[in-house]
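2 protein chains.
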Amino acid sequence: MNKKVPTKAAGRPRSFDAGKALDRAVEVFWRKGYEGASLSDLTKAMGINRPSLYAAFGDKDKLFRKVLDRYAEGPASYSSAALEEPTSRSVVERLLYGTADLLTSPGNPHGCLLVQGALACGNAADSARKELVSRRMAGEAALRQRLNQARMDGDLPPEANPASLARYIVTLIQGMSVQAAGGTTRSELYRVIGIAMQSWPSSGRIV
Amino acid sequence: MNKKVPTKAAGRPRSFDAGKALDRAVEVFWRKGYEGASLSDLTKAMGINRPSLYAAFGDKDKLFRKVLDRYAEGPASYSSAALEEPTSRSVVERLLYGTADLLTSPGNPHGCLLVQGALACGNAADSARKELVSRRMAGEAALRQRLNQARMDGDLPPEANPASLARYIVTLIQGMSVQAAGGTTRSELYRVIGIAMQSWPSSGRIV
DNA sequence: TAGGTTTTGTACCGATGAGTATTAAACTAT
DNA sequence: ATAGTTTAATACTCATCGGTACAAAACCTA
Chain A
326 MNKKVPTKAA
336 GRPRSFDAGK
346 ALDRAVEVFW
356 RKGYEGASLS
366 DLTKAMGINR
376 PSLYAAFGDK
386 DKLFRKVLDR
396 YAEGPASYSS
406 AALEEPTSRS
416 VVERLLYGTA
426 DLLTSPGNPH
436 GCLLVQGALA
446 CGNAADSARK
456 ELVSRRMAGE
466 AALRQRLNQA
476 RMDGDLPPEA
486 NPASLARYIV
496 TLIQGMSVQA
506 AGGTTRSELY
516 RVIGIAMQSW
526 PSSGRIV
Chain D
326 MNKKVPTKAA
336 GRPRSFDAGK
346 ALDRAVEVFW
356 RKGYEGASLS
366 DLTKAMGINR
376 PSLYAAFGDK
386 DKLFRKVLDR
396 YAEGPASYSS
406 AALEEPTSRS
416 VVERLLYGTA
426 DLLTSPGNPH
436 GCLLVQGALA
446 CGNAADSARK
456 ELVSRRMAGE
466 AALRQRLNQA
476 RMDGDLPPEA
486 NPASLARYIV
496 TLIQGMSVQA
506 AGGTTRSELY
516 RVIGIAMQSW
526 PSSGRIV
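Protein chains in written order, with my numbering: chain A, 326 to 532; chain D, 326 to 532.
Structure follows, in structure tokens:
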């Protein structure tokens, strides 16, 4: 009954915006990776003290998961949205160009959090690394399913291999992330995409 | 004059094989990255004590450079060798398949040291990160030059863009490295290469 | 055998890592 | 006002980080 307005919970009120703080954490993990982001880096960027971080977000690992969720719903939201494009070609193009834009957007670290977060690391970060592997695989699976449906719809030729095509696109995306981390510009990535899309079915050849 | 045989330098002889120890260090950095590889990891794998490591290889950063050199001359030597193939197409195919093989070779970490070494990291590893960016760029430049020459030789059509083609191939290679780190198998990578090569000039379309 | 030189092993250094105990402060409810 | 509850800030914990001092050991030359 009294649920909509949360009745102003008791106790000292939180003096910071948890959402804003989480956004700052996203940026730190994005630029430095799980292992390279120290709690001092995080608390400094978030503008809060260490115990506040632990009270609000749990330990470093839990904070990282929340950061990944936030990333998926924020900067990387184009990714799931792209799957709703009408044709397989437009799905893939929106995915590729959207990625290129995100990877080179000024004000953000140049790279993809799911790749930069942890590729190779020490034991302490291994849980985070596995989480990233799992999320990358989930993204690939979603694209594969979308391409599978496209083939059933006749939007891709019957000889096309949705699994391999999805992997091809994801491989490009992850490669672009490494490229962007090394300073490759947006227009350079666009040219790579232009070449890559020549392999796409229905523009001529198939797989 | 007396230079060929080094006259058995004075002092207590080194009790380990520096080359073998370096190979172990390659493996550790390859699997854990610069930041994730602690000196304890390294000395343990190399079978030597900490002061021996510093005496023989310098500090962690210097050791890492030596590891990168060793990697280039050893596991990644196919890379420079590929540039000597007769046609641009065989250059690129040898590069791609050689990479897929290295990335999925049993007994080695699955991934490329130049990518796994450090993508995003804390301040302490930033020098290593920059070194890797520079080495990746050097590899791309070498391929670009080779493709440039191919175009001048008529081995690539005059409308081809060697810079973009080189970047496309390198992007694929780096993407495959991320894929391999996530468990993608060799045959799956082969299928990606098969799709990717459909974009290559002289098999039909151009750029 | 004695002196000089280099490596080895142990034990340490200060700095920083993640995580927490504790008390003061700021709020609500009675 | 007073009690109960939650957050805030300081200051700490212990483990590990990269790097090194020091003395014993193992070699060469003389």
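Virtual Cβ for every residue (Gly too), placed ideally from N, Cα, C.
Item, Value
"From D/G361, D/T429, D/A467, D/L497, residue whose alpha carbon lies closest to that of D/L444", "D/G361"
"Check whether A/M501 and A/L428 have beta carbons under 8 Å apart", "yes"
"Neighbour flag for D/E418 against chain A, beta carbons, 8 Å", "no"
"Residues that D/Q504 contacts on chain A, provided the C-beta gap is smaller than 8 Å", "R492, V495, T496, Q499"
"Best match in A/A506, A/A467, A/Y515 for proximity to A/R534 [C-alpha to C-alpha]", "Here chain A covers residues 326 to 532 and nothing more, so residue 534 of chain A does not appear."
"Rounded Cβ spacing between A/I518 and A/A425 (contact assumed at less than 8 Å)", "6 Å"
"Alpha carbon of D/R349 to alpha carbon of D/L364, nearest angstrom", "13 Å"
"Beta-carbon neighbours of D/G361, restricted to chain A and to distances below 7 Å", "E360, A445, C446, G447, A450"
"For A/E456, three-class secondary structure by DSSP", "helix"
"Unbroken stretches of the beta strand (DSSP E), 3 residues or longer, contained in the region 396–436 of chain D", "none"
"Presumed contact (8 Å Cβ cut-off) between A/T368 and A/D480, rounded CB distance", "That pair is no contact at about 49 Å."
"Proximal residues, the region 453–479 of chain A versus chain D, C-beta separation under 7 Å", "V458, R461, M462"
"Integer Cβ distance of A/V392 from A/V417, believed to fall under 8 Å", "With a Cβ gap of about 27 Å, A/V392 and A/V417 do not count as contacting."
"D/S533 (DSSP reduced to helix, strand or coil)", "The question about residue 533 of chain D has no answer, for chain D in this structure spans 326 to 532."
"Closest Cα partner of D/A407 within the set D/L420, D/K385, D/R414, D/E398", "D/L420"
"D/F354, enclosing alpha helix (DSSP H) - first and last residue", "343–361"
"Contact belief for A/D366 with A/A453 at Cβ below 8 Å, rounded distance in angstroms", "In fact, because the Cβ distance is near 15 Å, the residues do not count as touching under 8 Å."
"Chain-order list of residues whose beta-carbon lies under 7 Å from that of A/S512 (same chain, five-residue window excluded)", "none"
"Helix, strand or coil at A/V532 [DSSP, three-state]", "Residue confidence is low: A/V532 scores 48 on pLDDT, short of 50, so the model does not pin down where it sits. Its coordinate-derived value is still stated next. If DSSP states are grouped into helix, strand and coil, A/V532 belongs with coil."
"D/L497, enclosing alpha helix (DSSP H) - first and last residue", "487–506"
"Below-8 Å beta-carbon distance, A/E513 vs any chain D residue", "yes"
"Contact set for D/S377: own chain, Cβ-Cβ below 6 Å, skip 5 residues either direction", "none"
"Chain-ordered neighbours of D/R390 on chain A, where CB pairs are closer than 8 Å", "Ordered by position in chain A, no residue passes the 8 Å Cβ test against D/R390, which lies about 18 Å from the chain."
"Best match in A/K357, A/P400, A/L497, A/G464 for proximity to D/A449 [C-alpha to C-alpha]", "A/K357"
"Own chain partners of D/L534 with C-beta closer than 6 Å, once the 5 adjacent residues on each side are dropped", "Nothing about residue 534 of chain D can be read from this structure; chain D reaches only from 326 to 532."
"Listed by chain order, chain A residues near D/S489 by CB distance under 7 Å", "R516, V517, I520"
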